[in-house]
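In what follows, a structure is listed as structure tokens, so that the remarks can point back to it.
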Amino acid sequence: MSAPTVEAAVPLVTAAEEKVAAATQLQLTWWRFRKHKLALASGVVIILFYLGALLADFLAVTNPHTTEAARSYIPPQAIHWFDEDGSFKPHVYALKGRRDMRTFKLVYAPDPADKRYLTLFAEGYSYTLLGVFETNRHLLGLDRDKPEDALFLLGTDQLGRDLWSRLMLATRTSLTIGLIGVTLSLFLGVLLGGLSGLYGGVVDTVIQRVIEILRSIPTIPLWMGLAAALPNTWSVTEVYIAITVIISLIGWTELARVVRGRFLALREEDFVTAAELAGASRLRIIFRHMVPSFLSHIIAAISLALPAMIISETTLSFLGLGLRPPAISWGVLLQDAQNIQALGIAPWLLIVAVPVIIVILAFNFLGDGLRDAADPYG
Amino acid sequence: MVTYILQRLALAFLTVWAISVVSFVIIQLPPGDFVDTYITNLSASGSAVRAEEAQALRQQYGLDQPIWVQYWKWIVRVVRGDFGMSMEWGRPVIEVIGDRLWLTIVISIAAIIVTWGIALPIGIYSAVRQYSIADYIFTFVGFVGLAVPNFLLALIIMYFGFKLFDLNIGGLFSAEYQLAPWSWGKVWDLLKHLPLPAFILALAGTAQLIRIMRANLLDELRRPYVTTARARGLAEWRVITKYPVRAALNPFASTIGYLLPFVVSGSIVVSLVLSLPTVGPLLLRSLIAQDMFLAGTIVLLLGVLTVIGTFISDLILMWIDPRIRAGMHG
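Chains A and B, in that order, give the protein sequences.
According to the numbering used here, the first sequence is numbered sequentially starting from 4.
According to the numbering used here, the second sequence is numbered sequentially starting from 42.
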């Protein structure tokens, strides 16, 4: 752009315009993204969820694997925030075991006369925080005097395990499986989409047909078939990796489509031709010139692919073909809520649906905002 | 036009072949071969199999030959309509599947019709009244539909149906028709049970379609011909429905190719929650019991039917979009 006469140009360009003209692409994208309030809020929600996943054990109250048949299906305990004298002392009523004379079963019911006060940074089961620090401190706990007292914020499941603590660990599993799956898909997508867009011709046709074929097969029966073949003897970690691979083997197509589309569009751009004429190597053109200009598109595509991954894992585990107990994931937890009988006795098992819906919704809003912001010149 | 049909047909065949390979792999995946499973099952029920009998069985199914020969033998039998025996049921696979396959198709088609029925009017409304409160509400509801996995939606609706109305939502037939042979009464009973599962399946797909419809229509509404029509004094609803909606419909029709696999997938899981007599519960059970011929056949048939459905939708698309007929794109 050649500037016209200086006198004419100066009053026309305001400070704000100048700021826009001088901004980097990243800044422009950020400014555009900032305007999309819902996407911004969703981004914050997702960051909080991942923080929670990072500190899952710290947020958990009791050991999520400890079973106690007698404490089966205890409803969520309500937190009472104030004491009788009006002072702020959060507490729950202690659970008192009572023998049901008809069934001879031990039944637990809250006893309003017996209060248990909540404390911060209470001692509980030992774990390794962030994989480094050995500790037994948890965010919340009871100021306990008896070992059998326990805090069940969201109630317990059939085996008497604390749903809140299990939910914390499930969030970690489900959110990370999405991340790892997307990383794998991204690798496949960028590689195959890039090849397709860069070389065109036969390579492009073959890859495009493969994508079309993969997209026209109903995925769930396919996943079910593949997941069911995982040997029963495999450890939790092995199954986790295998499930991630199975999900991402089919999930890469959308990412490949985005990458290919961008490559095709950019190939014709003047700055790529200029770089070529200047003698830049192919790799340099791709990574120095092309990738930065469509990075934002890839990030948007990723944030839309992640919720799909999470739903896939949840669905498979829900069917009993994905992660299996003792692994804890959203799908594994929802499996307990599968039939109407269980839901009739313990409706709180359905609470697990809430974080699932929030996270997936947030990812979708975030992806939508990112997609709009990915091309900030429009 | 002929080139286009041939192209789609070739792709359809390629897809069917890919699906058949995957189904065969699924059948082969569990450790041990099918005769091993057969022998284990028989000895569990008390009868022993002699070694030479096992050998004869292996030869009959070509299990002693390389894998591609086995695939070839299997696919030849499948093309002839022989899908093998179900281990668990002791009957031919095709008999075990029976009506379930058709019911899966009926539910999927119903779900697609409902998807269109919801997405079309809402898409038009959202575009015409862009940024109105209703536009925001529909967009939000659409997003929720997109975000809630449909098995979860089924669970939640089932729970509230049970809790609030004391209804046991589930199944596709009333008790008296469950085992009855087909009759008009049974068809009517099916139609009465169909809306709920169709709606649950449909909700997941509507969000995307609403957005596509809205975006397309917004583009069309900005075109000069719309202004011309208005300037000529055409009634507003005629202005909108006569040309812009039609033009915006084309990409709408093409999404059916992606919608169908999606809906078929969803029907498997939703059927499990709502205990619908489709192939869904059967597939899960056969996979858990390692009844591999049954499982493989279900995966194969679902895949093939989806491909046929997509191919038909391509033909419909060609019928409504003259540009594809003329070979301009597609």
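Even glycine gets a Cβ: it sits at the ideal position worked out from N, Cα and C.
Membership of Trp278(B) in the alpha helix (DSSP H) is indicated by the continuous run Glu277 to Lys283. Nearest to Gln341(A) by alpha-carbon distance, out of Tyr45(B), Thr296(B), Ile198(B) and Trp143(B), is Ile198(B). The beta-carbon of Thr56(B) is placed less than 8 angstroms from the nearest beta-carbon of chain A. For a Cβ distance threshold of 7 angstroms, residue set Leu196 of chain B lies close to Ala340(A), ordered along the chain.
At least one CB atom of chain A sits nearer than 8 angstroms to the CB of Val305(B). Residues of the region 315 to 341 of chain A whose Cβ lies closer than 8 angstroms to any Cβ of chain B, in chain order: Thr317, Thr318, Phe321, Leu322, Gly323, Leu324, Leu337, Ala340 and Gln341.
Within chain A, the C-beta atoms nearer than 9 angstroms to that of Val185(B) come from Ile360 and Leu364, in chain order. Cα atoms of Phe54(B) and Ile150(B): separation of roughly 22 angstroms, rounded to the nearest angstrom. Here Val286(B) is buried. Its C-beta has 16 or more other C-beta atoms within 10 Å.
C-alpha of Gly158(B) to C-alpha of Val147(B): approximately 16 angstroms in a straight line. Its chain contains Gly197 and Leu201 as the residues whose beta carbon lies nearer than 8 angstroms to that of Ile289(A), once the 5 sequence neighbours on both sides are disregarded; these appear in chain order. Interface criterion met: the Cβ of Val348(B) is under 8 angstroms from a Cβ in chain A. Asp77(B) and Asp114(A) have their C-alpha atoms some 59 angstroms from each other.
The C-beta distance from Ala97(A) to Arg74(A) rounds to 13 angstroms, too long to fall under 8 angstroms, and the pair is not in contact. In the three-state reduction of the DSSP assignment, Asp114(A) falls in the strand class. Residues of chain A with a Cβ closer than 9 angstroms to the Cβ of Gly344(B) are, in chain order, Ser219, Ile220, Pro221, Pro224 and Leu225.
Neighbours of Gly347(A) in chain B, taken as residues whose beta carbon is under 9 angstroms from its own, are Tyr200, Phe203 and Lys204 in chain order. A straight-line Cα-Cα distance of about 13 angstroms links Leu250(B) and Ala152(B). In this structure, the beta-carbon distance from Gly164(B) to Arg255(B) falls below 8 angstroms.
Under the three-pair Cβ rule at 8 angstroms, the region 223 to 230 of chain B does not count as touching the region 351 to 371 of chain A. Remark: C-beta atoms of Gly228(A) and Ala195(B) do not approach each other more closely than 8 angstroms. Counted as a single uninterrupted DSSP element, the stretch harbouring Gly131(B) is not any beta strand (DSSP E), since DSSP gives it neither H nor E. When only Cα atoms are considered, Ser306(B) and Leu323(B) end up about 14 angstroms apart. The C-beta separation of Pro71(B) from Met333(B) comes to about 6 angstroms, placing the pair in contact by the 8 angstroms criterion. Short of 7 angstroms from the beta carbon of Leu232(B), and not among the five residues preceding or following it, lies no beta carbon of its own chain.
DSSP, reduced to helix, strand and coil, places His68(A) outside both helices and strands of the structure shown, so it counts as coil. At a cut-off of 8 angstroms between C-beta atoms, Asn367(A) counts as an interface residue with respect to chain B. Each residue's CA atom was taken as its position, placing Ile46(B) and Thr222(A) some 26 angstroms apart. Against chain A, the beta carbon of Leu325(B) has neighbours under 9 angstroms at Met227, Ala231, Leu322, Gly323 and Leu324, listed in chain order. Against Leu353(A), the close residues of chain B are Leu196, Ile197 and Tyr200, in the order they occur along the chain (beta-carbon pairs closer than 8 angstroms).
Per DSSP, Asn342(A) lies in no alpha helix (DSSP H) and is assigned neither H nor E. A Cβ-Cβ separation of about 4 angstroms places Ala56(A) in contact with Arg175(A) under the 8 angstroms criterion. Annotation: Thr319(B) to Leu142(B) spans about 6 angstroms, alpha carbon to alpha carbon. Rounded to whole angstroms, the Cβ separation of Arg270(A) and His300(A) is 15 angstroms, and the two are not in contact under 8 angstroms.
For Pro93(A), the uninterrupted beta strand (DSSP E) segment begins and ends at Phe91 to Arg102. Residue contact with chain B for Arg212(A): present (Cβ-Cβ distance below 8 angstroms to some residue of chain B).
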